[in-house]
Amino acid sequence: MADIVDIAVGAGAFKTLVTAVQAAGLVETLKSPGPFTVFAPNDEAFAKLPPGTIQTLVQNIPQLTRILTFHVVPGRLKQADLAQLGTVTSVEGSPIPIDCSDGFEVKNATVVAADIEADNGIIHVLDRVILMG
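For the sequence shown, the working numbering assigns the number 326 to the initial residue and increments by one for each residue that follows.
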């Protein structure tokens, strides 16, 4: 198996996320033993953001880091675990609502692929970037 970063790079559908993680200096963290649960927006999810958003964030590393760490939860949490919890707290510190009553939703995003195993955690692929607040 591979770690979270290697899986994201290898999948090819997370180029924007990988670039953002590199810009924020979070690669080593996400390659560490963890474990982490990552809600990973794919490239299509980032494409739904208003034009210029990504460039603005890459120039504002503290804000970029907050948004990225809002997509990470400590621990190895599969869909069944998240469904039972209902809400989890991100590494950033904010709560993330989970709704598995009709599909699998994380805040305002739908999980399009769940329970992807990595050496150091679990990846759930999102169709949208989740925002704090």
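Ideal Cβ placement from N, Cα and C applies to all residues, glycine included.
None of these values were measured; they are calculated from a predicted model.
Would you decide whether residue i is buried or exposed? Buried here means 16 or more other CB atoms lie within 10 Å of its CB.
i	result
residue 375	exposed
residue 456	exposed
residue 410	exposed
residue 328	buried
residue 447	buried
residue 386	exposed
residue 443	buried
residue 372	exposed
residue 345	buried
residue 362	buried
Looking at the structure shown, is residue i part of a helix, part of a strand, or coil, going by DSSP?
i	result
residue 400	coil
residue 429	coil
residue 363	strand
Just checking my contact of residue i with residue j at CB under 8 Å: how many whole Å lie between their CB atoms?
i	j	result
residue 358	residue 433	With a Cβ gap of about 31 Å, residue 358 and residue 433 do not count as contacting.
residue 349	residue 390	5 Å
Starting from residue i, trace the beta strand (DSSP E) in both directions and tell me its first and last residue.
i	result
residue 446	446 to 451
residue 443	434 to 443
residue 455	First-last for residue 455: undefined, no H or E at that position.
Under 6 Å Cβ to Cβ from residue i, same chain only, skipping five residues before and after it: list those, please.
i	result
residue 449	364, 436, 439
Would you mind reading off the limits of the alpha helix (DSSP H) that contains residue i?
i	result
residue 387	386 to 394
Ordered along the chain, which non-local residues of its own chain (more than five positions away) have a Cβ less than 8 Å from that of residue i?
i	result
residue 441	332, 447, 448, 449, 450
To which residues of the same chain is residue i closer than 7 Å at the C-beta, ignoring the five residues directly before and after it?
i	result
residue 368	338, 339, 340, 341
residue 394	415, 416, 417
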